[in-house]
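Here is the structure we will look at.
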């Protein structure tokens, strides 16, 4: 691990003042050591020099809701609403996974995420074999907080037996993963609890997760209030709104990362704000599943930290943060009005908001001295980006993931001149097709 | 002009049966002359052979609502609703255009459209100097039906004086452009009437356009029922709903291409169906301006032909049909439910629907013997597209414009291996930045 100079870009620092600085970013080992016009003089020479001429240098993007294991399900589960999508496709396919197909899925996801400028992921995997996903992610270079999916209840949904587990097994395996992996790969890997959603977990499980997450300072990553059907089941089973139920079982805290939060009311928003719950917004997935549009403007006005994620390739079907940024902005324009969520605020959600959700704001999310070197360099000179007078607008509305030029995670160059340094795209493609065929056969689809 | 063989692809013919054929496409001059496994034997040799291995070969995409002249306004008009957007930004910038800046705008648009697989455009330009746009488009290779914007009324909106013209001048210039250009560039260029929208035109103008469009068999390209503010003004001024007014002035016919059609009711839909009005759907623009989501499912159930367009870079801010296809599908999933607009139907809208709107269905819109050689070849082997078991799903949900490998218009290769053959992207970028600076200064922005 050596030194890297990113030379000659327009640096969107995303520091508290959102300063934009012309110049260089100097990196030594895992850390950013200098930013600005004189950064190139931080050392007499650098091991690697990356050209950022005509480019924006920004913090690596943080996607806070992903299912890497579903990446090989892309296109296999179109045209269904959430609960049908789970029962008819996603659960049978998850139940068919093996460690080998999980590795392929993690590889496929890593290829797309890194190539399009995402450096950090909060992911919920399937019930079994999460070690395989973690090993692959650790090797390929993403920074990730990963949880095995916890599912010990069904609430009348049709869950394959392989995905049903006892409360004790769910908790034990979640803790064991934490013990084995938290802090691995120079600290890049962290482990969270990931109860799937209220209706696939018993109250005992959720209460245990609430208690253990306090003791072990672990994040809790779950789905909440994504579809009307889901919130109706929670109300039927508990007599409470979904978020009130999560609060009642002791989960509402600054460590709770709640994906979607579409069907929530003012009372729930006030509670979430007071508990500092984090909202993970997935506009692409919400549209494609027909779930709805989350009240992001109201959440932000309440002071709730919102970040972004693509969710999974089975419901999006992309993992490209540029698509999520654009949708986040334009869907609120439609829902409330143009201007309620300016482009700069969306870039904030994609960087600082993500760092906040992960409890890593002191370490990542901005380009500042001493922060970890998670950096995305985006070419800004394509005709489709012109005239490009405002870099935030250009990033959010006009830029594609393929405009990403270089990506560093933890000081390692993972994309250089648009090419993945540690993965062969043709091999990944070949493996993904094979894994999908195998899974469809095994799932009987 | 010679012969081209597109070799070894999966051909999405978009013929009436939506056949998918493995094999080659042979082209002689302007026309497709053979399709399928034996197409390579149509001639002993071909002047150009394009590799389509691992790719889909599809009809060139048809965008039916664009404003090429606005391409240099990208990012200069964010965060505004339609009428504010027009009055505060787009009209002042259009009024500042010169023939030179219009040429740059047409070049910038052509670069993005061709690079991302759009071969055909229905465009509304500004009030003046439309010859400059037409000349540029004719030279760069798009197939296009172009109209100068007609504006002889204000309905209380704040129109710059340079964009106000007399009824007589509007009509005369529209007809003169038709006389000068219709059928030019081997038939690639056609000329339409383009009254901006009901509230910027007098009743006399709209009636004259209705009558002359019948006489000259010209398309009428307009905006209709895009925003609530607009339909309220029409009702105030005419006592009629927007579409009923367009019918009353004699415009509702198979030649009427009406962009947006968001705020329409059942009575209007029934009238539009009976008159065979064409609807031009612009989901990206509609979201960003906060206009709403058009009732595409209801329009299709009524038998109305719907096609797609990006609108303009000032309100989208992309001109990439892959983004419009994805939004078209997912917005209806949110509005009505997943499955109401399957991916194949969206690809139909992007190809056959566009050909129908332009009255060119016998000439373009599918890969069939005898049709004009407008062809887009899309690479399908990127990791972000895997496993890609259904090509329509992969195209609509997972593919980016940058996956386009080759593009032919009228038998000419305009993109080869992802590179524009007739445009230097760096030069286009440089010119666009200069034009934008000049326009902002002249518009006082």
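Chains as they are written, first to last, in my numbering: chain A, 1 to 445; chain B, 1 to 445.
We put the CB at the ideal spot given by N, CA and C, even for glycine.
Remember, it's a predicted structure, so these values are computed and weren't measured experimentally.
Mind checking whether residue i and residue j have CB atoms under 8 Å apart?
| i | j | result |
| --- | --- | --- |
| residue 447/B | residue 117/B | With chain B covering 1 to 445 only, the question about residue 447/B has no answer from this structure. |
| residue 146/A | residue 189/A | yes |
| residue 309/B | residue 65/B | yes |
| residue 51/A | residue 8/A | yes |
| residue 391/A | residue 380/A | yes |
| residue 21/A | residue 72/A | no |
| residue 110/A | residue 133/A | no |
| residue 307/A | residue 62/A | yes |
| residue 123/B | residue 97/B | no |
| residue 223/B | residue 281/B | no |
| residue 422/B | residue 163/B | no |
| residue 525/B | residue 402/A | Beyond the ends of chain B as shown, which are 1 and 445, falls residue 525/B; an answer cannot be given. |
| residue 445/A | residue 120/A | no |
| residue 191/B | residue 218/B | yes |
| residue 383/A | residue 429/B | yes |
| residue 67/A | residue 311/A | yes |
| residue 298/A | residue 269/A | yes |
| residue 148/B | residue 130/B | yes |
| residue 178/B | residue 128/B | no |
| residue 426/B | residue 108/B | no |
Between the Cα of residue i and those of the options, spot the shortest distance and give me the residue it belongs to.
| i | options | result |
| --- | --- | --- |
| residue 416/A | 93/A, 114/A, 56/A, 352/A | 114/A |
| residue 212/A | 422/A, 249/A, 16/A, 5/A | 249/A |
| residue 274/B | 289/B, 302/B, 174/B | 302/B |
| residue 18/A | 225/A, 4/A, 57/A | 57/A |
| residue 47/A | 74/A, 16/A, 2/A, 67/A | 2/A |
| residue 329/B | 268/B, 397/B, 430/B | 397/B |
| residue 389/A | 409/B, 347/B, 401/B, 314/B | 314/B |
| residue 112/A | 129/A, 162/A, 142/A | 142/A |
| residue 55/B | 376/B, 156/B, 423/B | 376/B |
| residue 332/B | 11/B, 311/B, 296/B | 296/B |
| residue 344/A | 5/A, 33/A, 12/A, 362/A | 12/A |
| residue 28/B | 16/B, 203/B, 42/B | 42/B |
| residue 289/B | 5/B, 10/B, 32/B, 84/B | 84/B |
| residue 197/A | 219/A, 225/A, 218/A | 225/A |
| residue 294/B | 90/B, 264/B, 312/B | 264/B |
| residue 451/B | 5/B, 14/B, 89/B, 4/B | Since the displayed chain B opens at 1 and closes at 445, residue 451/B lies outside it and no answer follows. |
| residue 155/A | 200/A, 149/A, 180/A | 200/A |
| residue 342/A | 356/A, 355/A, 327/A | 327/A |
| residue 337/B | 286/A, 167/A, 166/A | 286/A |
| residue 360/A | 53/A, 267/A, 298/A, 255/A | 255/A |
| residue 30/B | 210/B, 4/B, 14/B | 4/B |
| residue 276/A | 253/A, 438/A, 340/A, 15/A | 253/A |
| residue 184/A | 166/A, 135/A, 209/A | 135/A |
Considering only heavy atoms of the ligand FAD, does any lie closer than 7 Å to the CB of residue i?
| i | result |
| --- | --- |
| residue 24/A | Ligands are entirely absent from the displayed structure, and the ligand FAD is therefore not among its contents. |
Using DSSP's beta-bridge definition, name the partner residues of residue i.
| i | result |
| --- | --- |
| residue 27/A | 4/A, 32/A |
| residue 9/A | 23/A |
| residue 123/A | 66/A, 146/A |
| residue 193/B | 220/B |
| residue 61/B | 118/B |
| residue 415/B | 407/B, 420/B |
| residue 281/A | 308/A |
| residue 376/A | 58/A, 407/A |
| residue 51/A | 7/A |
Give the C-beta separation of residue i and residue j to the nearest angstrom, bearing in mind that I take them to be a contact with Cβ-Cβ under 8 Å.
| i | j | result |
| --- | --- | --- |
| residue 365/A | residue 44/A | Actually they are not in contact, since the Cβ atoms of residue 365/A and residue 44/A sit about 30 Å apart, beyond 8 Å. |
| residue 404/B | residue 414/B | Contact flag wrong, Cβ pair sits at about 11 Å. |
| residue 318/B | residue 284/B | 7 Å |
| residue 258/B | residue 231/B | At roughly 13 Å, the Cβ-Cβ gap does not stay under 8 Å, so residue 258/B and residue 231/B are not in contact. |
| residue 186/A | residue 374/A | Contact flag wrong, Cβ pair sits at about 12 Å. |
| residue 92/B | residue 443/B | 4 Å |
| residue 206/A | residue 251/A | 6 Å |
| residue 25/A | residue 6/A | 4 Å |
| residue 158/B | residue 70/B | With 8 Å as the limit, residue 158/B and residue 70/B do not qualify as a contact, their Cβ atoms being about 18 Å apart. |
Inter-stretch contact at 8 Å, needing at least 3 Cβ pairs: the stretch 314-322 of chain B / the stretch 230-244 of chain B:
no
Below 8 Å, how does it come out for the stretch 370-390 of chain A and the stretch 79-94 of chain A: are there three or more Cβ pairs, yes or no?
no
Are the stretch 335-351 of chain B and the stretch 34-50 of chain B in contact at 8 Å, needing three or more beta carbon pairs?
no
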